[in-house]
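K.L.:
The following block contains the structure, expressed as structure tokens.
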Amino acid sequence: MNTTRPETSAATSPSSTPPTLFVLEDEPEIARLICAALAEYGFRAEHLSTGRQLLSRARQSAPDLCIVDLGLPDMDGMQVVRELQENSPCAVLILTGRNDVTDRVLGLELGADDYLVKPFEPRELVARVRSILRRYQRAAPPEASAERTLARFSGWAFDNGRHVLVAADGREIGLSAAEAGLLALMLRRPNKILSREQLLGEREVDPFDRSIDVRISRLRRKLDDDPQNPKLIRTVYGAGYLLSAQVSWE
Numbered sequence: 001m002n003t004t005r006p007e008t009s010a011a012t013s014p015s016s017t018p019p020t021l022f023v024l025e026d027e028p029e030i031a032r033l034i035c036a037a038l039a040e041y042g043f044r045a046e047h048l049s050t051g052r053q054l055l056s057r058a059r060q061s062a063p064d065l066c067i068v069d070l071g072l073p074d075m076d077g078m079q080v081v082r083e084l085q086e087n088s089p090c091a092v093l094i095l096t097g098r099n100d101v102t103d104r105v106l107g108l109e110l111g112a113d114d115y116l117v118k119p120f121e122p123r124e125l126v127a128r129v130r131s132i133l134r135r136y137q138r139a140a141p142p143e144a145s146a147e148r149t150l151a152r153f154s155g156w157a158f159d160n161g162r163h164v165l166v167a168a169d170g171r172e173i174g175l176s177a178a179e180a181g182l183l184a185l186m187l188r189r190p191n192k193i194l195s196r197e198q199l200l201g202e203r204e205v206d207p208f209d210r211s212i213d214v215r216i217s218r219l220r221r222k223l224d225d226d227p228q229n230p231k232l233i234r235t236v237y238g239a240g241y242l243l244s245a246q247v248s249w250e
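According to UniProt numbering, the sequence shown holds residues 1 to 250 in order.
Below, the structure written as structure tokens:
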């Protein structure tokens, strides 16, 4: 018997509270497999079998991340992702048997952070969860200055605590948790090129993975940054993206 203890999750430490994950999956055997793999690596996983159960539970207690199956008995998984981002913003990993590019892009457009197709290797699932959580941790304010959650740049204000952009005329624009995490990361490193690997949490990037491109496109639209000739979030071909602005945090 192998008695080697599993590697401690990069998202947890012995002195910290382990991240809470909600697993939305209507197949009991698959749900048990997912929850067992997550528990082995130090995550707290709670299983829910319907979309309405998950949405209700997320309103009661915000999770760190939701793993969402798309084929559900009571509602479409895409609708679950949409309602999560509108009412209980959190990180989202779509885990599904659908291997359609349209579904993948739509899920990312709705605010999901990643998309994994069944059948899956449990270790890859854990690696993707860690990657997403690391990305959110890097975007969060340092503990020493946790009160500094408002960024001002190029006539905009970004409230990281509420996931809201405020225009110069006072208009408020809501961001999904994924969009807010990406913008916060770029605002903490302005005028520096960030590779797609850095923006995705340093995991290996599939050449066909367009999750960051989709998110950047959504941010540009919300920031009124002309996608044909962007001035604020610039594409540095072959290198990554750069937020071109002077940024002050309050």
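We put the CB at the ideal spot given by N, CA and C, even for glycine. Bear in mind that the values here come from a model prediction, so they are computed numbers and not experimental data.
Have a look at residue 219 and residue 127 and give me their C-alpha separation to the nearest angstrom.
P.N.:
26 Å
K.L.:
Consult DSSP for residue 27 and reduce its assignment to one of helix, strand or coil.
P.N.:
In the structure shown, residue 27 sits in coil (DSSP, three-state: anything other than H, G, I, E or B).
K.L.:
Which full runs of the beta strand (DSSP E) of 3+ residues lie inside the UniProt DNA-binding region "OmpR/PhoB-type" (148-245), going along the chain?
P.N.:
150-153, 156-159, 164-166, 172-174, 233-236 and 240-243
K.L.:
Round the Cβ separation of residue 133 and residue 19 to the nearest angstrom and send it over; I've been treating them as touching at under 8 Å.
P.N.:
Yes, residue 133 and residue 19 are in contact; Cβ-Cβ is about 6 Å, under 8 Å.
K.L.:
Please classify residue 85 as buried or exposed, where buried requires at least 16 neighbouring CB atoms within 10 angstroms.
P.N.:
buried
K.L.:
Taking residue 108 as the reference, give the member of 182, 223, 27 and 164 with the closest Cα.
P.N.:
For residue 108, the nearest C-alpha among the options comes from 182.
K.L.:
Could you please give the first and the last residue of the uninterrupted beta strand (DSSP E) stretch that includes residue 251?
P.N.:
The shown model of the chain, from 1 to 250, leaves out residue 251, and the question about it has no answer.
K.L.:
DSSP state of residue 102, grouped into three classes?
P.N.:
helix
K.L.:
Per DSSP, residue 90 forms a beta bridge with which residues?
P.N.:
Paired residues: none, contrary to the question.
K.L.:
To the nearest angstrom, how far is it from the Cα of residue 34 to the Cα of residue 155?
P.N.:
So the alpha carbons of these two residues sit roughly 44 Å apart.
K.L.:
Please list the terminal residues of the continuous beta strand (DSSP E) segment that includes residue 313.
P.N.:
In the structure as shown, the chain starts at 1 and stops at 250, and residue 313 therefore has no counterpart that could be examined.
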